[in-house]
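Here is the structure we will look at.
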Amino acid sequence: MFSVMGGTMKAPDFDYLRPATLDAAIALLASSDGDAMPLAGGQSLMPMMNFRVASPSALIDLADLAELRGISRDGSSIRIGAMTRYAELAASAEVMAALPLFGMALPHIAHDAIRNRGTLGGTIALGDPAAEMPALALALGAKIELAGPDGTRVIDADEFYLGYYETARAPDELIVAIHYPVALSDHRFGFHELTQRHGDYALAGAVVARTAQGHRVAFFGVADRPLRLPALEQALNTNPDVQSALHHLSAIAFTGDVKASAATRQRLAAVALTRALQGMTQ
Amino acid sequence: MTGPTHIFDKPNRYIGQSAPRADAARLLQGRGRYVDDVSLPRMVHASFVRSPHAHARITAIDTTAAKSCPGVVAIYTGADLAQHVTPYVGVLTHLAGLRSAPQHPLALDVARWQGEPVVMVIATSRALAEDACEHVMVDYDPLPATLDAETALSADAPLIHPEFGSNLAWERVVNAGNIDAAFATPGVKIVEREFRFGRHTGVTLESRGTVCDFDPSEEYLTVYYSGQAPHMMQVIFSKHLGLPEENIRVISNDVGGSFGIKIHTYGDEIATAAAAKLLRRPVKFIADRFESFVTDIHARDHVVRARMGVTEAGTIVGIDFDDLTGIGPFSMYPRTSAIECNQVLNLTGAPYVLENYRARGRVVFQNKTLMCQYRAVGHPIAMAICDGLLEDAARLIGMDPVDLRLRNLMADDSYPRASASGMKLDDLSHQAALRKLTQIMDYDTLRADQAEARKRGVYRGIGFVSMVEVTNPSPMFYGIGGAPIASQDGATVRLDAGGALHVSSSITEQGQGTNAILAQIAAGVFGVDLNRVKVTTGDTATTPYGGGTWASRGAGIGGEAMLQAAQALKDQVLEVAAVMLQTTPDKLDIQNGNVTDPDGTKRMTLADLARTVYYRGNELPSDLKPELIATRHYRVTDFPFVFTNGAMAAQVEVDIETGFVKVLHFWAVEDCGRVINPMLVDEQIRGGVVQGIGGALYEECHYSPEGQMLNATMADYMVPMAAEMPDITVAHIETPTKTSVLGAKGAGEAGTGGAPAAILNAVNDALAPLGASLWQMPMTPERVLTALDAAAG
Ligand SMILES: Cc1cc2nc3c(=O)[nH]c(=O)nc-3n(C[C@H](O)[C@H](O)[C@H](O)COP(=O)(O)OP(=O)(O)OC[C@H]3O[C@@H](n4cnc5c(N)ncnc54)[C@H](O)[C@@H]3O)c2cc1C
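Going line by line, the protein sequences match chains A and B. Quick note on our numbering: the first sequence kicks off at 1 and runs consecutively. Quick note on our numbering: the second sequence kicks off at 1001 and runs consecutively.
In structure tokens, the structure reads:
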């Protein structure tokens, strides 16, 4: 939602840079004093520029960075390069086997054209509170690998989302890859998203991962960021009847907007969770 | 009117066939010629600074910084353009009492809605123009705004035009029979509801736009214009820019959808033309999505309190309602913003025998985007009021809604007759349409499925509508009130030297297949293969004079003109052929591009005939003066409108936990008279139904308390999308109108007019066992949940 001042169809002028290596990209970012922005699939960034809500002095295209590509499995963990597109994730037998939640969530993300260009790193970096992948990262306990001028660091997804489109990533850092624990045979997963139209951002969505350690439940589309409720997870661990856990939802500061009030969102979040649990993988 | 009916049963008649449209391949291959594809030498680009306030006094404008931005060619304020453009007022004399204030292309002292253009910046590219807009400084002194139509008439509401003393733009009362006495009759039961219809808009795939090119050597303005009524725009540009009409050429090449959006006077487009004249160079303006949402006309936005009386035995004794609608700060020029309310008053209950009818409509000003005529003007409101109450009444007296309709719909053999509001009606088939509908949908099976689903806790509903659609308007629609809007249309048919037809028409193509049906009519009536007809529309310099395409008038009016012109040319050609073949015209015919004997035996090709006429006239008798071109015009006489009718049904499933409504199937039986191209008519019906579903379930312009539109993006404003749309089964009844030889009525708006009522009824049918009902559109999840909560107590 933007307040209209005038016609906004064309982005303000910007430089386009296409570094060949991760180090070069980080150097460019660092030297721009936060004015430059990384460009991945452009499916969020380009509209923001055309709306003139983002006006970077330069775009640093990540397309040529080999370090940000590839899907590789290392024992109990799978590493997915930040520049991996949604369409590539869906086409990867390895991802589908190791991360059943991806197969459940991907069809809900936008439409084919957007999935052909949008990237995992882009959506993780953007931190849209209604996006699916950040919530998956929370439910799965993913780790986010960042590279910056001072080297590389790995941060838990739980520590990454700080507020409305606000993440723990520093402006001169890039997301290099996301690491997910591979599903074991006794893990069970559930996903449910409520949208009036297929491919829209969720009015409310819930992601559930059940392992020997218990439930991890992440919600999206409900508040200023994707989030987990440890008390609700604990309640589910002790009593599998979802009804007895739903009151914990009141801890969420639900978003209210033209599509649904905060009260309606709470109701829809309860339905999403209930249905996610009903539809758990067998 | 009588005519040569055999034209409908000739071998290559085309009329009635689903011929593929000739322009489909061109458009699919990306070779469309839309306004934004026009690029002229020395062309510059316009961008607008728009009011961020719903209501504000403009105290100062400083363009100094913007003028020195790169690429800037000129900057105009409202005061600058007021010297070159005369103001306009959206009133018509036949809408007695309607008032509106003078409007300027750019706001002068006061901005009256968020998005109103205030300053125009012209630069060498759109991007540079937008850059410079950010440096235009406008000081606003915000004024209290009137936003809610329901409080606009209260004594303390801020006045939008203080000179009027109130925010009332227009009021009309219709009174037939004696509603109070009818409702007081013993045994009559009353249902009463308050309906709310959300404000929504047309969302054309191609946004509004224009390229204006002024040639000072001839004082000649050429306007490339994405729109529906080139001749109307020619008059408007002429009148307000001070140029003779003949010095203005309006060209509408391909138009990517319009739905009534592109038929009005928009300040940004008028300003673009004025700038082209002042700068003496071409200026392009293309509205972006933001601009479209806050400046394209909006529609609906009605609050209606309505009652219906029905006897125990199922006779509807009357309808009584009060409609209040908000139209923004001005009545739109030149069609006015009172037409939608007027249609609601005219059309409510029109399918039914009603002895008693009372309706009041009030149209009020408010500080929101202007409201005006969008596809199915007034119809969704009129149909939802009557058929919503009808199904409510059916529940009250325990009668099936189909039975209640059949008892009250006008009999198919009872025409001509008038509706309770005084509309003249003829050639309608409500009873047959509803019967056919229940057959094709297999009504009894659906009711059984519904009962079975309820046992499983699944709430399905079936809802109907019986409807009329206003089509083929006569001069009584606009012309009578002083609008420069032609109600007649013309067609020209010319035989070229190679035996092909070149036809032109004043109706326009906006994607619905107008050009295709014109070709079918010309080819079929004259007697050539379809691929030998070339069609020109959308150009005031090369087509006959006429109204364009709106109010579902293209096929019925423009098509009849084409039929008459093709028949006239055929008569002329046969006269020449008879001389050449030494026989009489009545012993000849034209079939498949040849002059033939009546049985089809070939005598000569049309090319032979034309070449003789054009190249070797010396072979013809000197007193024979062949005319291988014919023009005819047509207007509807005797009736203000030619009504069509239809019956539609929706099957929905309501998720009572989430409030989500899923449309499972939709059926439409439409009687648009003679069907020229079944495929195109079916797609018009389907597209219309989809837009109707949009209004019923998804689309709404939301405003903040301060008057900011909150969802002016395609991400936040929900149009109906393919994935959610049900199968839409379409069937026809053909009752040709007697007002023309062609017999075609319109079909373009039926779906949009009827679908919302059917969806409303289906949702309420689903909610009925829970004691809940909902009378507000769009029927969003939250509203459904609220209705369920209210019923649960
Ligand atoms: C019509 C439409 C519908 C959509 N629906 C959905 C939906 O239902 N669910 C959903 O989740 N998304 C949806 N999206 C958004 C889509 O998924 C985006 O592609 C995604 O959010 C961003 O990915 P991207 O690769 O396009 O990133 P970009 O748009 O290129 O970048 C997004 C942001 O992330 C930054 N960035 C990108 N990559 C990196 C990196 N490696 N390191 C650091 N910063 C980086 C950019 O600087 C920018 O700020 C929709 C988009 C559209 C246009």
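We put the beta carbon where it would ideally sit given N, CA and C, even for glycine.
| Asked | Found |
| --- | --- |
| In the DSSP assignment, find the unbroken beta strand (DSSP E) run with PHE1666(B) in it and report its ends. | 1661–1671 |
| Label PHE1549(B) either buried or exposed according to how many other C-beta atoms from any shown protein chain fall within 10 Å of its C-beta, with 16 as the threshold for buried. | One detail in the question is off: residue 1549(B) reads as Thr in this sequence, not Phe. Buried, by the Cβ-count rule. |
| At the level of alpha carbons, what is the spacing between ASP1597(B) and VAL1681(B)? | 34 Å |
| Is ASP200(A) near ligand 1, with its Cβ less than 8 Å from a heavy atom? | yes |
| For GLU1116(B), which of helix, strand or coil comes out of DSSP? | coil |
| Taking the Cβ atom as the reference point for each residue, do LEU1770(B) and ALA1791(B) lie within a distance shorter than 9 Å? | yes |
| Could you tell me whether any Cβ in chain B is nearer than 9 Å to the Cβ of GLY279(A)? | no |
| I need the straight-line Cα distance from GLN1450(B) to ARG1360(B), nearest angstrom please. | 38 Å |
| Quick one: any contact between the stretch 1668–1675 of chain B and the stretch 1718–1736 of chain B, if contact means 3 or more CB pairs under 8 Å? | yes |
| Cβ closer than 7 Å: which chain A residues qualify as neighbours of MET1718(B)? | GLN196, ARG197 |
| Among the candidates LEU268(A), LEU59(A), GLY118(A), whose CA atom is the shortest distance from the CA of ALA30(A)? | LEU59(A) |
| Which residue from PRO1020(B), HIS1094(B), ALA1551(B), ASP1156(B) puts its Cα closest to that of TYR1374(B)? | ALA1551(B) |
| Using a cut-off of 9 Å between C-beta atoms, extract the partners of PRO1473(B) located in chain A. | Within chain A, no residue comes near PRO1473(B); the closest Cβ sits about 35 Å away, beyond 9 Å. |
| Quick one, which residues of the stretch 49–66 of chain A are near chain B if we go by CB-CB under 7 Å, in chain order? | none |
| Suppose you measure from the CA of SER1166(B) to the CA of LEU1159(B); what does that come to, to the nearest Å? | 6 Å |
| Strictly by DSSP, which residues pair up with ASN1645(B)? | VAL1468(B), ASP1671(B) |
| Check whether the Cβ of ALA1319(B) lies closer than 8 Å to any heavy atom of ligand 1, and answer yes or no. | According to the sequence shown, residue 1319(B) is Ile rather than Ala. No, since every heavy atom of ligand 1 falls outside the 8 Å radius drawn around the Cβ of ILE1319(B). |
| For PHE1660(B) and PRO1781(B), I'd like the C-alpha separation in whole angstroms. | 5 Å |
| Counting Cβ pairs, one atom from each stretch, are 3 or more of them under 8 Å apart for the stretch 1258–1274 of chain B and the stretch 1100–1118 of chain B? | yes |
| Between which two residues does the alpha helix (DSSP H) harbouring LYS259(A) extend? | It is not in any alpha helix (DSSP H) - LYS259(A) carries neither H nor E in the DSSP assignment. |
| Confirm the yes/no value for this check: CB of ILE114(A), any heavy atom of ligand 1, distance under 8 Å. | yes |
| Any beta-carbon of chain A closer than 9 Å to the one on PRO1598(B)? | no |
| Could you give the C-beta distance for ASN1356(B) and ASN1178(B), rounded to a whole number, given that I count them as a contact under 8 Å? | 6 Å |
| Within 9 Å (strictly less), CB to CB, does THR1780(B) reach chain A? | yes |
| Which runs of the beta strand (DSSP E) at least 3 residues long sit entirely within the stretch 1121–1147 of chain B? Give them in chain order. | 1137–1142 |
| Can you give me the C-alpha to C-alpha distance between SER3(A) and GLY118(A), rounded to a whole angstrom? | Annotation note: pLDDT 36 at SER3(A) (below 50); position unreliable, coordinate value reported separately. Distance between the alpha carbons of SER3(A) and GLY118(A): 27 Å. |
| Opposite ASP1727(B) in the DSSP bridges: which residues? | HIS1665(B) |
| What are the boundary residues of the beta strand (DSSP E) that ASN1356(B) is part of? | 1356–1364 |
| Measuring only the C-alpha atoms, how far is ASP1444(B) from ALA1306(B)? | 31 Å |
| Please decide whether ALA11(A) counts as near chain B, where near means a Cβ-Cβ distance under 9 Å. | yes |
| Please report the distance separating the alpha-carbon of GLY1326(B) from that of ASP1426(B). | 33 Å |
| I'd like to know if ALA1790(B) contacts chain A, where contact means its C-beta is closer than 9 Å to some C-beta of that chain. | no |
| Give me whichever residues DSSP pairs with PHE219(A) in a beta bridge. | ALA206(A), LEU227(A) |
| Against LEU268(A), what residues of chain B qualify as contacts under a CB-to-CB distance less than 8 Å, listed in chain order? | THR1658, PRO1781 |
| Is the beta carbon of ARG1289(B) less than 9 Å from the beta carbon of SER1226(B)? | no |
| Check whether the Cβ of THR1713(B) lies closer than 9 Å to any Cβ atom in chain A. | yes |
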